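What follows is a set of notes on a single structure, which appears directly below.
Residue numbers (our numbering): 16 to 463.
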């Protein structure tokens, strides 16, 4: 049995009830055969065994009181996966579907994503099965204060710096940071990112993931002689990431023709632009989670219970919603429809392994999320730098840094794929490029 196969088997045996985590472990480790099989240092040092095992995992009870005076209890999670190249960095997700498998999948991906940015940040992730939708500000505040009362023991500017993710926006970060400051008794702005501008936040953070994804797309397009101007995009979701993607694509002359929600998707032949982009923010703030609201307001096609993949004619597909939204059947529909030969993953692991394999086997280029969506964590890290310097950069300075980071990410995964003889396979290229930096740091630091 090869080294990779042995570690995958051992990981499966230890974590049989964690499908999302095992999915990403298989995907990453299988692509690392090209580098691991060539160099026995990795097996001798147990690099793969160590990289799939978090340095620390914490599960804790989060009791809070609702507006009716009843005590509610949720679970909190923080997984600190790797500190080989810097303090742990990764968002907090508040969503009912959150469990240890989801958090470990996100944290494992974060190791390589953070490595690709070129910044000194390690991989971590956290969250809770708490659902902020429909909760009052008071309920959210009480939950966040209880959550941070335990989490604060494990985080800090040089230890672990969480940010926001699904369900954790400016309101939640504010309440979390307020409680952190209260418990620590000092103003350590770098302990959380995604903060408001009035207390240490960075300009450009809200748009960073969406803008970064489009900057990455722009770099890829340059490599194949294509432009965003005049290109049609089908995207999913209508949250913060989708909003940023729409804004930047419109700015560069492209057109977004779909957005989606849990209830279905809308097709807007005239494009999601102008006041329609602004309306996405209103939809998100309403907590209704219905994309039908967009169809009703702007009188466009609404397709209940369906996803846009393979159902609309678009040059590019960009999933921006959540994990595993493109299954094998969706991939087959994309191939049958035949218009889009490029899938740009923006949300974390939006395509099942069956879907990725089908698309790539049939000539569709897949640009992986760990590279495409790294703009969010990159600007979060830039926020940490500003906090450490006690400075605030201009929006132009932040955007310039973001553009440069996304350009370098594309170039690094392009070069990695080329140097290992798998030119055009950006999934493998991203894993190889992200792994090499982390593995070399682990080798240099000994067994720890």
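Just so you know, even glycine gets a beta-carbon here, dropped at the ideal spot from N, CA and C. Computed from a predicted model, the values in this text were never measured in an experiment.
Contact between residue 18 and residue 49 fails: their C-beta atoms lie close to 13 Å from each other, not under 8 Å.
DSSP, reduced to helix, strand and coil, places residue 34 within a helical segment of the structure shown. Residue state for residue 159 is assigned as helix, using DSSP reduced to three classes.
In the structure shown, residue 396 adopts helical secondary structure according to DSSP, grouped into three states. Here residue 336 is buried: its Cβ has 16 or more other Cβ atoms, across all protein chains shown, within 10 Å. DSSP lists 250 as the bridge partner or partners of residue 333. In the DSSP assignment, residue 87 falls within the unbroken beta strand (DSSP E) covering 86-97. Assignment of residue 370 by DSSP, reduced to helix, strand and coil, places it in the helix class. The three-state secondary structure of residue 53, taken from DSSP, is coil. In this structure, residue 228 lies away from residue 332, with their beta-carbon atoms at least 8 Å apart. Within a 10 Å sphere around the beta-carbon of residue 357 sit 16 or more other beta-carbons, which makes this residue buried. Residue environment for residue 118: buried (at least 16 other C-beta atoms within 10 angstroms of its C-beta). The beta carbons of residue 73 and residue 190 sit no closer together than 8 Å.
If you look at residue 297, you'll find it isn't in any beta strand (DSSP E); it sits in the alpha helix (DSSP H) that goes 290-301. According to DSSP, residue 282 shares a beta bridge with 273, 316. Look at the segment 112-144 and you find these whole runs of beta strand (DSSP E), each 3 residues long or longer: 137-143. With fewer than 16 other beta carbons inside 10 angstroms of its own, residue 239 counts as exposed.
A straight line joining the alpha-carbon of residue 69 with that of residue 425 spans about 27 Å. For the pair residue 246 and residue 256, the Cα-to-Cα distance works out to about 19 Å. Straight-line spacing of the CA atoms in residue 397 and residue 16 works out to 43 Å.
Relative to the Cα of residue 80, the nearest Cα in the group 58, 225, 159 belongs to 159.
Its Cα nearest to that of residue 254, the residue 184 stands out among 34, 184, 352, 266.
Residue 151 sits exposed, since fewer than 16 C-beta atoms from the chains shown fall within 10 Å of its C-beta. For residue 176, DSSP records a beta bridge to 104. From the listed residues 173, 163, 175, 199, the smallest Cα separation to residue 188 is found for 163. Approximately 5 Å separates the beta-carbon atoms of residue 382 and residue 441; this is inside 8 Å, confirming the contact. When secondary structure is reduced to three states using DSSP, residue 408 falls in the coil class, being assigned neither helix nor strand. Separation of the CB atoms of residue 364 and residue 124 is rounded to 7 Å, and the pair is thereby assigned contact status at 8 Å. Residue 382 carries a strand assignment under DSSP once its states are collapsed to helix, strand and coil.
Taking 8 Å as the cut-off, the Cβ atoms of residue 446 and residue 47 count as close. Contact check for residue 225 and residue 263: beta-carbon distance about 6 Å, within the 8 Å limit, so the pair qualifies. Short of 7 Å from the beta carbon of residue 135, and not among the five residues preceding or following it, lie these beta carbons of its own chain, in chain order: 100, 101. In the displayed model, residue 343 falls within a helix according to three-state DSSP.
When DSSP states are grouped into helix, strand and coil, residue 357 belongs to the strand group. Beta-carbon to beta-carbon, residue 219 and residue 393 are separated by about 10 Å, too far to satisfy the 8 Å threshold. Under the three-state reduction of DSSP output, residue 76 falls in the strand class.
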